[in-house]
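1 is the number of the first residue of the sequence shown in my numbering; add one for each residue after it.
Virtual Cβ for every residue (Gly too), placed ideally from N, Cα, C.
Worksheet: one structure, shown below.
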Amino acid sequence: MKNNTESSKVISDKTVFPTDKDGNIIPGTYHTRSFRKKMKNNTESSKVISKISDKTVFPTDKDGNIIPGTYQTQVGVEVRIKKIEPAKHYDVISLARAMNDDFAAKTKELFSPEVEAVREAIQSGVYVSWRPSEKPWDQQDCQRISSKARCFCGHLLNQHEKFNPKHIFLKCKQPSCLCQAYKFVPSRPEEVGEYWLTKRRDFDPAAYRVKCRCKHTHEEHVAHPPPHHCQAKGCGCSGFTSAFACAACDKPWQLHETVFETESERRAAGRQVGEEWMPFSELPELAKIAATGVDNPNIETLADALPSEARAKPLAER
């Protein structure tokens, strides 16, 4: 108590508070000297930052706007200025095109694994998808899975046993791998909504792995048996719980399942097959962009991407 009392005296002695005629401190909110000193230091730091930025002069147009481009500041920092143009329409396609100079190419890159999965399914008659395990969300396929899609064990689908209708659990064929059944796991930031990661200079797509809430990757957890406890030294994680959510349904990995179906099984269940299973199959023009990477400037809204017979009805109603 003596130390606390002495500390209180020192702090209060440095700061003079207003008092009434009886010597009592007048109630109110006050800043101590130490707080004012801290604020002063922060202000001075801000001034230094301002001075640094003031030394770099960026070229501007007649309206005073910085001309888009990549510039190097005097302190060695690279600054990228992008021209932002308003979208022509308040529509997802128009907005995406306004935000991305290479809209078509990026759309193709994003959906190429799924396009490949559809083509493989048409050829083999086996449809592999990743979807929610709970109703009614299990009606949608969150991901179309190709032979190059990664399993929880870290190996690709084509490194597992081939599909057999009588034996749907495909074991991994890689030496010493304990995996007893292929389980799809997202392998790209876009698949779990982490789009910003690809913009980092040091981002390596080949090294990217999704993580558990214990902060360790799926490859640091046992491939079998479920619930896949963590093997990292000192980690007490008893089972893989995703620190991410599916970009398609916003549900965690553990609430999804990998499904192998034949074409007849999908037809019987009322699910899409063949070309109808392609991404954006209900929007043919957008599907073409996703498949070819060639933009169509005439497609400015989702309505423009509809089949011709479907577009005719909205036009007639205007």
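Out of Cys246, Ala181 and Pro165, the CA that lies nearest to the CA of Tyr195 is found in Cys246. The continuous stretches of alpha helix (DSSP H) do not include Thr19, and DSSP gives it neither H nor E. For Val79, the enclosing beta strand (DSSP E) begins and ends at Glu78 to Ile81.
In this structure, Val273 places its C-beta atom within 8 Å of the C-beta atom of Glu263. Just measuring C-alpha positions, the residue of Val128, Ile81 and Asn164 sitting nearest Thr60 is Ile81. For Val118, the uninterrupted alpha helix (DSSP H) run begins and ends at Phe103 to Ser124, by DSSP. Annotation note: the stretch 171-207 contains no uninterrupted alpha helix (DSSP H) run of length 4 or greater.
Judged by DSSP in its simplified three-state form, His218 adopts helix. One alpha carbon belongs to Ala243, the other to Tyr208, and they sit about 14 Å apart.
Excluding the 5 residues flanking it on each side, Glu257 has same chain C-beta neighbours closer than 7 Å at Arg131 and Ser133, in chain order.
Check the Cα spacing between Glu191 and each of Pro227, Arg144, Cys235 and Lys215: the tightest is with Arg144.
In the DSSP annotation of this structure, Thr56 is not part of any alpha helix (DSSP H), being labelled neither H nor E. Counting only residues of its own chain and dropping the five nearest sequence neighbours on each side, Asp141 has a CB closer than 6 Å to the CB of Ser129 and Arg131. For Arg213, the secondary structure class from DSSP, reduced to helix, strand or coil, is coil.
Under the three-state reduction of DSSP output, Gly274 falls in the helix class. The continuous beta strand (DSSP E) containing Glu257 extends over residues His256 to Thr262. Taking a C-beta distance under 8 Å as the contact criterion, Lys183 and Cys151 qualify as a contact pair. The alpha-carbon of Glu285 is positioned some 48 Å away from that of Ala232. Boundaries cannot be given for Thr241, as no alpha helix (DSSP H) includes it and DSSP labels it neither H nor E. Annotation: the continuous alpha helix (DSSP H) that includes Thr292 extends over Pro284 to Thr292. Taking the C-beta atoms as reference points, Val222 is found no nearer than 8 Å to Val185. Residue burial is scored here from C-beta neighbours: Gly154 has at least 16 other C-beta atoms within 10 angstroms and is therefore classed as buried. Measuring C-alpha to C-alpha distances from Arg213 to each of Arg201, Phe58, Leu255 and Cys237 identifies Cys237 as the nearest. By the Cβ neighbour-count rule, Ser187 is buried, with 16 or more other Cβ atoms within 10 Å of its own. For Leu178, same chain residues with a beta-carbon under 6 Å away, outside a window of 5 residues either side, are Ala223 and His224 in chain order. Considering only Met278, Gly125, Ala117 and Pro136, the residue with the shortest C-alpha distance to Leu157 is Ala117. Annotation: Asp295 to Cys230 spans about 45 Å, alpha carbon to alpha carbon. In this structure Pro297 is not in contact with Ala290, their Cβ atoms being roughly 16 Å apart against a cut-off of 8 Å.
Between the alpha carbons of Gln123 and Ser146 lies a distance of about 12 Å.
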